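So the sequences go chain by chain: P and H.
My numbering numbers the first residue of the first sequence as -11 and each following residue consecutively.
My numbering numbers the first residue of the second sequence as 219 and each following residue consecutively.
Don't be surprised by glycine CBs; every beta carbon is placed ideally from N, CA and C.
Note that the coordinates shown come from a computational prediction; the quantities given were computed from them, not determined experimentally.
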Amino acid sequence: MQSGKRATERVATVRPLQIRGRFFTAVALHLTGRPDRTFFDALDARLAQTPLFFDNAPLVIDLEQAEGMDSADELLQFTADLRARKLSVFGVQSGTAAQARAAAKAGLISLPGGRDVPLERVSRQGSRPEAVQVVRELPQSSKLITQPVRSGQLIFADRGDLVIVGSVSSGAEVIATGNIHVYGRLRGRALAGVNGDSSARIFCHALDAELLAIAGLYRTSEDLGPDTPRELVQVWLDGERLRIESLK
Amino acid sequence: MSKVIVVTSGKGGVGKTTSSAAIAAGLAMRGHKTVVIDFDVGLRNLDMIMGCERRVVFDFINVIQGDAKLKQALIKDRRLENLYVLPTSQTRDKDALTTEGVKAVLDELREEFDYIVCDSPAGIERGAHLAMYYADEAVVVTNPEVSSVRDSDRVLGLLNSKTFLAEKGDGSAVKAQLLLTRFDQNRSANGEMMSVQDVLEILAIPLLGIIPESTSVLKASNEGTPVSLDEKSPAGKAYMDAVGRLVGEQIEMRVNPGEQRRGFFQRLLGRTA
């Protein structure tokens, strides 16, 4: 274990390197058959409807119903045609093994399956590039736990807030992409905003945590200090500093 | 309706086997037909605590593997009419336990016995998992110190998720109660040991009993007598109180049940739950 001082410094100073998980939205282009004259005509017509929306949008070619596309040359040509239309192709998905190999040769990455959402919902929002932001938000849903969280248990709310009615024991871990509420004593580790949401907060009735983290910035029990409020507190991120304040 | 009770803790050396023997003997003394099973395959101790180590011919593993009948492996206690011991193997390891085998043995025992006490090994691996898997109730043995309390907490999490009742998913659960062992009133009052309230606050389960630290426990173990048979010992009395609560009686919680009523100042200084 590092000394408490060292851990505080890590939070407070600018680090040369940070590794964070990142979610982003890409456009998937489903190719049926081969990209012929008709295909490009249809594509140009579609792009003309919302000229700015697709500008430099990260794009994946879906090869599930494509024909051919199993040689690097073919893929390189197709990529060049798309990039000429300001589409930022970076990978393929749902391809066969041969197509994946060809993609690798053409400098494209093969993505494992994702989930498609209708694009209409997005394009109707307007044609400004900011509209891409809208797709990023998955439907939120909070998770409710009504039993004490025991040592060794891990509770993960992957799409929003985590509400715990009861205590979180030492050696337990509660993690949420959103806020964490503990209506009891928090003795274990709590990590809020794990996808990088720095506005996430941790609320608890009594604070005795082993570790508190918001959007990857953390403090351990060692560097909480004797002045830290222990009853009815909230933990939030003030710039690069994790603050603990009484709610009383 | 028979009940399977697992005596478990996570941590080793807190008194699981001593408690299993004492609880089983206590239940038998109250007239319930009881069997106590040793799940600690490879490190068998229960037969020694029960004083029947020289009478072991067949064991739990022989029964699971079909080499012996259950009747051949059950050892009848010489002191108590209603008490039986199912010892385990010292030469095998936990892999000899199978889910189906354990279920078959427990199902057969359920037909004949009122209470089936399962003495769990330490840890949370196969032996401990199978000891708790088919339990209706659990006695979680804990010492008043932090590592024991944390391990018990871990075990409570497993009782809530990795047992047959929990996996049924219809809201039924293993009823878990706390047995606080090796408790020393003075050291707890001095702050050297955790208090009863501290332990209960962390574990958040009902208290079955408080067993005082007592020299009679080691003596009873060495003699091969369940400590609850020692009527003079405070630990024996505390176990009998716990057994009474286990079968549903309301018994006042006393830390030293054998002790004379203390004076006014002593009572003031040593208040307990």
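Separation of Asn408 of chain H and Ile420 of chain H (C-alpha to C-alpha, rounded to the nearest whole angstrom) is 20 angstroms.
Across the structure, Val275 of chain H and Ala353 of chain H are spaced so that their CA atoms are roughly 27 angstroms apart. Less than 8 angstroms separates the beta-carbon of Ile428 of chain H from that of Val414 of chain H. Of the other Cβ atoms in all chains shown, fewer than 16 fall within 10 Å of the Cβ of Asn404 of chain H; this residue is therefore exposed. Excluding its 5 nearest sequence neighbours in each direction, Ala291 of chain H has C-beta neighbours in its own chain below 7 angstroms: Phe276, Asp277, Phe278, Asn280, Val281 and Leu304, listed in chain order.
For Arg229 of chain P, the closest alpha carbon among the candidates P:Ser76, P:Tyr206 and P:Glu210 is that of P:Tyr206. Each residue's CA atom was taken as its position, placing Gly260 of chain H and Gly154 of chain P some 39 angstroms apart. For Leu298 of chain H, there is no enclosing alpha helix (DSSP H), as DSSP gives it neither H nor E.
Residues of the same chain with a CB within less than 6 angstroms of the CB of Lys251 of chain H, apart from the 5 flanking positions on each side, are Asn300, Phe331 and Asp332 in chain order. Residue pairing from DSSP places Gln395 of chain H in a beta bridge opposite H:Val357. Excluding sequence positions up to five before and after Lys321 of chain H, its CB lies within less than 8 angstroms of the CB of Tyr352, all in the same chain and listed in chain order. Arg368 of chain H reaches chain P at Ser139, Ser157, Ser158 and Gly159, counting residues in chain order whose Cβ is nearer than 8 angstroms. Apart from the 5 residues on each side of it in sequence, Met411 of chain H sits with its Cβ closer than 8 angstroms to the Cβ of Pro362, Glu363, Phe401, Asp402 and Arg405 in its chain, given in chain order. For Arg138 of chain P, same chain residues with a beta-carbon under 7 angstroms away, outside a window of 5 residues either side, are Ser157 and Ala160 in chain order. Per DSSP, the unbroken alpha helix (DSSP H) holding Leu63 of chain P starts and ends at Ala60 to Arg71. The straight-line gap separating the alpha-carbon atoms of Ile223 of chain H and Phe78 of chain P is approximately 60 angstroms.
Collapsing the DSSP output to three states places Glu233 of chain P in a strand. Excluding its 5 nearest sequence neighbours in each direction, Arg22 of chain P has C-beta neighbours in its own chain below 6 angstroms: Glu55 and Gly56, listed in chain order. In the DSSP assignment, Ala201 of chain P falls within the beta strand (DSSP E) that extends over Leu199 to Ile202. Interface residue (Cβ-Cβ distance to chain P less than 8 angstroms): Ala340 of chain H is not classified as such. A Cβ-Cβ distance of about 6 angstroms is found for the pair Gly375 of chain H and Gly140 of chain P, placing them in contact under the 8 angstroms criterion.
Residues of the stretch 350 to 376 of chain H with a Cβ closer than 7 angstroms to any Cβ of chain P, in chain order: Arg368, Asp371, Arg372, Leu374 and Gly375. In this structure Ser439 of chain H does not touch Gly454 of chain H by the C-beta definition: roughly 12 angstroms separates them, more than the 8 angstroms allowed. Per DSSP, reduced to three states, the secondary structure at Glu161 of chain P is strand. Scanning chain H for C-beta atoms nearer than 7 angstroms to the C-beta of Pro136 of chain P yields Ala422, reported in chain order. Listed in chain order, the positions of the stretch 394 to 423 of chain H with a beta carbon within less than 7 angstroms of a beta carbon of chain P are Ile420 and Ala422.
For Gln222 of chain P, the uninterrupted beta strand (DSSP E) segment begins and ends at Glu219 to Asp226.
Less than 8 angstroms divides the Cβ of Val223 of chain P from the Cβ of Leu200 of chain P. Comparing alpha-carbon positions, the option among P:Asp61, P:Ser59, P:Gln65 and P:Asp69 lying closest to Phe28 of chain P turns out to be P:Asp69. In the structure shown, the three-state DSSP call for Ile267 of chain H is helix.
Within the same chain, Cβ atoms closer than 6 angstroms to the Cβ of Ser59 of chain P are found at Ala90, the five residues on either side in sequence being excluded. The C-beta distance from Gln81 of chain P to Leu99 of chain P rounds to 5 angstroms, short enough to fall under 8 angstroms. Here the C-alpha atom of Gly269 of chain H lies approximately 7 angstroms from the C-alpha atom of Glu441 of chain H. By the criterion of a C-beta distance shorter than 6 angstroms, Val392 of chain H is surrounded in its chain by Ala353, Ala356, Leu377, Thr381 and Leu383, once the five residues flanking it on both sides are discounted. The CB of Asn378 of chain H comes closer than 8 angstroms to the CB of Gln135 and Arg138 in chain P, given here in chain order.
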